[in-house]
Structure formats: structure tokens, C-alpha cells
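This report refers to the structure that appears directly beneath it.
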Amino acid sequence: MVAMYTIAGRQVGSHVLAMITLGTTFGGAALAMRGGDKKDTTSPPINAKDKDEESFVQKFIKTEEDKKSKA
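Going by full-length UniProt numbering, the sequence shown opens with residue 1, and the numbers climb by one from there.
Quick look at the structure:
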């Protein structure tokens, strides 16, 4: 026999309450873990005085990004 509970004027079995609880728990966890939108990373423009300075800055940024991706 199943234990029955009265909820909002209707008889609901304990097994139904258990299924609803598990479904809500795992459904909420799945929604929370699916992640968000990937944010676009845009860098500000490089205002260099000459081409050498611009290439130095770009090379520096590239090496730092490589270090970050390896870590």
C-alpha cells in the first residue's frame, strides 16, 4: 500500500512525490550546469608610433596568451 497525502485537495501518492522531487532536483542541476554564452573577447586597438612597436606589442600579447593557455 502507498501512503497518500492530500495536496491542494487531491490525493497524491508518496511515490509520485518522490518522482517529482528527484525530477526537480536533477532537472535544476542539469540547467545550472549547462553553462552560459561564451563571451567575445575583444582587445582595444594598439596605438603604436611605428611598426616595430606594434609588432613588439602583438608578439608580447601572443606569448602571454600562449603561457595562459598552457597553464
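Where a beta carbon is used, it is the ideal one built from N, C-alpha and C, also for glycine.
Alpha carbon of residue 45 to alpha carbon of residue 37, nearest angstrom: Residue 45 and residue 37: Cα-Cα distance of roughly 24 angstroms.
Could you spell out the range, first to last residue, of the alpha helix (DSSP H) harbouring residue 21? Its alpha helix (DSSP H) spans residues 14 to 33.
Assigned secondary structure, residue 42 (DSSP; H/G/I helix, E/B strand, else coil): Residue 42 sits in coil when the DSSP states are folded into three classes, being neither helix nor strand.
With the cut-off set at 8 angstroms, would you say residue 3 and residue 14 are in Cβ contact? Taking 8 angstroms as the Cβ cut-off, residue 3 and residue 14 qualify as a contacting pair.
Name the DSSP beta bridge partners of residue 11, please? Note: residue 11 sits in a beta bridge opposite 6.
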